[in-house]
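Novice: With the numbering used here as the guide, the letters of the sequence shown map in order to residues 522 to 912.
Note that the Cβ used here is the ideal one computed from N, Cα and C, for glycine as well.
Structure below; questions to follow.
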Amino acid sequence: MKRHRAWIFAAGATVVCVLPLWWSLWTSASLGAHEKKAPLVMTDTPTLRTPFSPPNGGRDIRSLSVHPNGVDWLFVECAQSGDNRCDVMRYQLDSGRLYRYALPPAYSYTYARYSPKGNYIVMSRRPVYGETEEDPRRSLNDSEIVLMRQDGRALEVIPTALGNKLWPFMSLDETRIAYWRVARLVPPGKRIRLFDFDIWEFDRRGMAERPFASVFHFVDGGQAQYISDDEILFESYGPIDHFSEYHRRYDGNEIYRVRREADKVPTPDVFDGMEHIRMPSMDRAGSLYLWGQTPGYGLTVIRIAADGQRSGWLQEGAVGPSFEPRQLVCDPNGRYVAAIYRDHPIRFGAGAGGLAMLDIVANKWSAVPLPQRQEAEEISVAASRESDAAL
Numbered sequence: 522m523k524r525h526r527a528w529i530f531a532a533g534a535t536v537v538c539v540l541p542l543w544w545s546l547w548t549s550a551s552l553g554a555h556e557k558k559a560p561l562v563m564t565d566t567p568t569l570r571t572p573f574s575p576p577n578g579g580r581d582i583r584s585l586s587v588h589p590n591g592v593d594w595l596f597v598e599c600a601q602s603g604d605n606r607c608d609v610m611r612y613q614l615d616s617g618r619l620y621r622y623a624l625p626p627a628y629s630y631t632y633a634r635y636s637p638k639g640n641y642i643v644m645s646r647r648p649v650y651g652e653t654e655e656d657p658r659r660s661l662n663d664s665e666i667v668l669m670r671q672d673g674r675a676l677e678v679i680p681t682a683l684g685n686k687l688w689p690f691m692s693l694d695e696t697r698i699a700y701w702r703v704a705r706l707v708p709p710g711k712r713i714r715l716f717d718f719d720i721w722e723f724d725r726r727g728m729a730e731r732p733f734a735s736v737f738h739f740v741d742g743g744q745a746q747y748i749s750d751d752e753i754l755f756e757s758y759g760p761i762d763h764f765s766e767y768h769r770r771y772d773g774n775e776i777y778r779v780r781r782e783a784d785k786v787p788t789p790d791v792f793d794g795m796e797h798i799r800m801p802s803m804d805r806a807g808s809l810y811l812w813g814q815t816p817g818y819g820l821t822v823i824r825i826a827a828d829g830q831r832s833g834w835l836q837e838g839a840v841g842p843s844f845e846p847r848q849l850v851c852d853p854n855g856r857y858v859a860a861i862y863r864d865h866p867i868r869f870g871a872g873a874g875g876l877a878m879l880d881i882v883a884n885k886w887s888a889v890p891l892p893q894r895q896e897a898e899e900i901s902v903a904a905s906r907e908s909d910a911a912l
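Okay, structure coming up:
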């Protein structure tokens with residue numbers, strides 16, 4: 522989940538655009554260190570120690586989604602040589618079988634997500650061009666959102682405007698598709714960085730797209746989901762104009778909620794006694810799952826139930842390298858948490874890793890034994906009649 526966020530933040534951290542923000546953050550933090558905060562009564566987060574040190578997975582996995590049946594996992598896996606093309610894969614938790622969707626090969630698939638009801642898979646993709654300095658920029662600008670049935674039928678291109686689009690996800694009734702749109706690519710050349718993120722929405726009934734709320738110019742954009750027909754939960758470092766202020770004032774929290782057509786600049790969600798919270802996902806019962814820090818513990822998986830009751834699972838204490846998640850997502854039924862983790866030594870940006878699962882009933886982590894990519898069974902993909910020419 523989280524694919525891209527480390528390099529997306531590097532994306533924001535260009536000399537042209539973000540160096541002044543970092544200077545502001547440093548000076549704000551220096552001043553803030555001398556500010557006195559009134560003592561607070563903290564809500565307790567009962568935390569279990571669940572030591573976990575997964576083996577190096579060696580796989581380049583960049584997004585993760587769990588089907589409402591709790592059995593099928595959807596993810597993107599990229600080749601680690603050649604053109605680094607990325608494919609959409611499906612893993613069945615009960616049988617251990619791995620599948621690959623036979624999508625059109627002229628594209629690299631950067632993200633895939635099940636719809637809330639499990640009927641569809643929505644994806645972002647980029648055409649694979651050459652290796653000139655201009656080709657990466659062309660590929661990003663020509664990125665598309667595509668939709669298909671979960672069994673590979675009726676693949677169609679969603680008719681959105683040109684421009685870079687990331688992290689698409691569907692509304693609860695599956696009539697809308699939201700996604701992060703990137704307004705700026707900087708600097709020129711092959712090492713393109715992404716900047717100015719906002720959430721847009723495509724209405725499948727009206728066949729039109731528009732900003733979900735006002736344009737706030739976020740530094741970056743991370744995993745997101747609809748939590749009602751009119752509200753989206755998402756992860757971001759924050760709006761560009763408030764980046765350093767928010768980091769100091771809100772304890773490094775990176776979780777936001779925004780309602781459709783909202784025009785007030787959003788502020789991060791804050792939970793007393795929690796800092797540096799990110800990677801949000803919510804199950805169908807309304808329980809919120811986070812990665813964050815509570816007093817007396819290191820970074821921890823946290824669940825806040827709909828009634829406010831808290832639980833935590835601390836991974837520290839295992840013999841071996843620490844557990845470092847790239848993305849955490851909950852089972853929609855609330856039975857487990859799925860994760861993409863990073864291999865050691867940690868590499869900046871993407872890097873290799875594997876899949877793991879926290880069984881909430883058993884209070885135990887386990888690594889997921891994925892078959893090799895070349896052993897994946899193929900799922901045929903058929904275009905819808907309307908999209909034959911475009912695909």
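Excluding the five sequence neighbours on either side, which residues of its own chain have a C-beta within less than 7 Å of the C-beta of P842, listed in chain order?
Specialist: Contacts found: S574, H865.
Novice: Threshold first: 4 residues or longer. Then list the alpha helix (DSSP H) segments lying entirely within the stretch 622-693, N to C.
Specialist: If we require 4 residues or more, the alpha helix (DSSP H) runs fully inside the stretch 622-693 come out as 656-662.
Novice: Three-state secondary structure (DSSP) at A550?
Specialist: With a pLDDT of only 37 at A550, under 50, the local geometry of the prediction cannot be trusted, and no value is derived from it.
Novice: For L891, would you say it is in contact with chain B, using Cβ-to-Cβ distances shorter than 8 Å as the test?
Specialist: The question asks about chain B, but that chain is absent: this structure has only one protein chain.
Novice: Give a yes or no on contact between the stretch 773-792 and the stretch 663-673, applying the rule of three or more CB pairs nearer than 8 Å.
Specialist: Not touching, per the Cβ criterion.
Novice: Give me the Cα-Cα distance between W688 and D694, rounded to the nearest whole angstrom.
Specialist: Going from the Cα of W688 to the Cα of D694 covers about 18 Å.
Novice: If we ignore side chains and look at the alpha-carbon of each, how far apart do Y473 and G813 end up?
Specialist: This structure cannot speak to residue 473, because the chain is shown only from 522 to 912.
Novice: Does the contact criterion of 3 or more C-beta pairs under 8 Å hold for the stretch 675-683 versus the stretch 574-585?
Specialist: With a cut-off of 8 Å, the stretch 574-585 and the stretch 675-683 do not count as touching, because too few Cβ pairs lie within range.
Novice: Identify, in the order they occur along the chain, each residue of the same chain with its Cβ nearer than 6 Å to the Cβ of R853, setting aside the five sequence neighbours on each side.
Specialist: In the sequence on display, residue 853 carries Pro and not Arg. Here the set comprises P589, D804, R805.
Novice: Please go through the same chain and pick out, in chain order, the residues whose beta-carbon is closer than 7 Å to the beta-carbon of G872, but skip the five residues on each side of it.
Specialist: Same-chain partners within the cutoff: R863, D864.
Novice: What are the boundary residues of the beta strand (DSSP E) that includes R770?
Specialist: Per DSSP, R770 belongs to no beta strand (DSSP E); it is in the alpha helix (DSSP H), 764-770.
Novice: Buried or exposed for P626, please, with buried defined as at least 16 other CB atoms from any protein chain shown within 10 angstroms of its CB.
Specialist: With fewer than 16 other Cβ atoms within 10 Å, it is exposed.
Novice: Let's see if you can read the secondary structure: which residues bound the beta strand (DSSP E) around L879?
Specialist: Looking at the DSSP string, the run of the beta strand (DSSP E) that includes L879 is 874-880.
Novice: Helix, strand or coil, according to DSSP, for I761 in the structure here?
Specialist: I761 falls in the helix class under three-state DSSP.
Novice: Which of the three DSSP states, helix, strand or coil, is assigned to Q895?
Specialist: Three-state DSSP puts Q895 in a helix.
Novice: Can you tell me the Cα-Cα spacing of V822 and V882, whole angstroms?
Specialist: If I take the Cα positions, the gap works out to 14 Å.
Novice: Just curious, the beta strand (DSSP E) that R847 is in, first and last residue?
Specialist: 846-851 is the span of the beta strand (DSSP E), which, as asked, contains R847.
Novice: Go to A745, then tell me how far its beta strand (DSSP E) extends in each direction, as first and last residue.
Specialist: Here the beta strand (DSSP E) through A745 covers 745-749.
Novice: With DSSP collapsed to three states, give me the class of K557.
Specialist: Low per-residue confidence applies at K557: pLDDT is 38, beneath 50, and the placement is therefore not dependable, though the value from the model is reported in the following sentence. Of the three classes helix, strand and coil, the one that applies to K557 here is coil, per DSSP.
Novice: State the DSSP-derived secondary structure class of R726, mapped to helix, strand or coil.
Specialist: Here R726 sits in coil by DSSP.
Novice: Identify which residue in Y630, A877, E655, G727 has its Cα closest to the Cα of P648.
Specialist: Looking at the Cα atoms, Y630 is the closest of the given residues.
Novice: How big is the Cα-Cα spacing for D762 and D565?
Specialist: Straight-line Cα distance between these residues: approximately 33 Å.
Novice: Less than 8 Å between C-beta atoms, sequence neighbours within five positions excluded: which residues of the same chain meet that for A745?
Specialist: W688, F690, A699, W701, I720, I753, L754, F755, E756.
Novice: Comparing C-alpha positions only, which one of M610, S749, S802 sits nearest to C851?
Specialist: The option with the nearest alpha carbon to C851 is S802.
Novice: Counting only runs of 3+ residues fully inside the stretch 578-622, write out the beta strand (DSSP E) ranges in chain order.
Specialist: 581-587, 593-599, 607-613, all fully within the stretch 578-622.
Novice: DSSP on W906, reduced to helix/strand/coil?
Specialist: At residue 906 the sequence reads Arg, which differs from the Trp that was named. Of the three classes helix, strand and coil, the one that applies to R906 here is helix, per DSSP.
Novice: List the DSSP bridge partners of V703.
Specialist: Answer is N685, F718, bridged to V703.
Novice: Compute the Euclidean distance between the alpha carbons of E775 and P787, then round it to the nearest angstrom.
Specialist: Spanning the two alpha carbons is a distance of roughly 11 Å.
Novice: Where do the ends of the beta strand (DSSP E) carrying P801 lie?
Specialist: Unbroken beta strand (DSSP E) run through P801: 796-803.
Novice: Indicate the three-state DSSP secondary structure (helix, strand or coil) for P575 in the structure shown.
Specialist: Looking at P575 - three-state DSSP - the assignment turns out to be coil, as it is neither helix nor strand.
Novice: Is it the case that the Cβ atoms of Y632 and V597 are separated by a distance below 8 Å?
Specialist: Their beta carbons are under 8 Å apart, which means Y632 touches V597 by this criterion.
Novice: Among M795, A600, P890, R906, whose alpha-carbon lies nearest the alpha-carbon of Q613?
Specialist: Ranking M795, A600, P890, R906 by Cα distance to Q613 puts P890 first.
Novice: When you compare only the Cα positions, how much space is there between R856 and Y771?
Specialist: About 30 Å.
Novice: Among the candidates A600, S645, E652, A675, whose CA atom is the shortest distance from the CA of S664?
Specialist: Minimum Cα distance to S664 is reached at S645.
Novice: Identify, in the order they occur along the chain, each residue of the same chain with its Cβ nearer than 6 Å to the Cβ of S586, setting aside the five sequence neighbours on each side.
Specialist: Cβ within range, chain order: L595, R634, Y635.
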